[in-house]
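Heads up, the sequence shown stops at 105 in my numbering, and the numbers go up one at a time, no gaps. For every residue, glycine included, the Cβ atom is placed at its ideal position computed from N, Cα and C.
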Amino acid sequence: MRSRELKERTIWEELEVGLGGGKKFRVLAHLLLNPDKAFTKYSLVKATGLRTPSVDRRLKVLVELGWVRENQFKPKTYQINSENEIVKLLIELFQKLRKYKCLG
C-alpha cells in the first residue's frame, strides 16, 4: 500500500482497512486498550493468540495507515499512535466500551 493511495482514501475506507475484522481486529484492539504501552511482535502474538505471520501483516497495514508506531529498538516494538486523529477517537471509544463490556 503506497502512501499516495492512503491519502486518497475516504475516512470510511480507512476505517475498513484499519479495523479489519475477526482475528485481524485483535491486534488493533490490544493496542487500543493499552495505549501507553509498546509491544514486541512476540508479545502481540501471545496476547492475541494469532500466528506471527498474521500479526506481521496486520502491523504492516496499521503502521502504513499511521495508526501504529514502529519503534526501531531491538527487538522492534509497536505502540498505538495516539497523535493520529482517528486513533484518538478509537481510544476514547474503546475506553468507554471497556466500562460497559468486559473488553480487557
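Sequence-distant partners of residue 63 (beyond 5 residues in either direction) whose C-beta falls short of 6 Å from its own C-beta, in its chain, are 69. In this chain, the alpha helix (DSSP H) harbouring residue 65 covers 53-66.
Between the C-alpha atoms of residue 92 and residue 39 there is a straight-line separation of about 15 Å. Secondary structure at residue 71: strand, using DSSP grouped into helix, strand and coil.
In the assembly as shown, residue 53 is an exposed residue. Its beta-carbon has fewer than 16 other beta-carbons within 10 Å.
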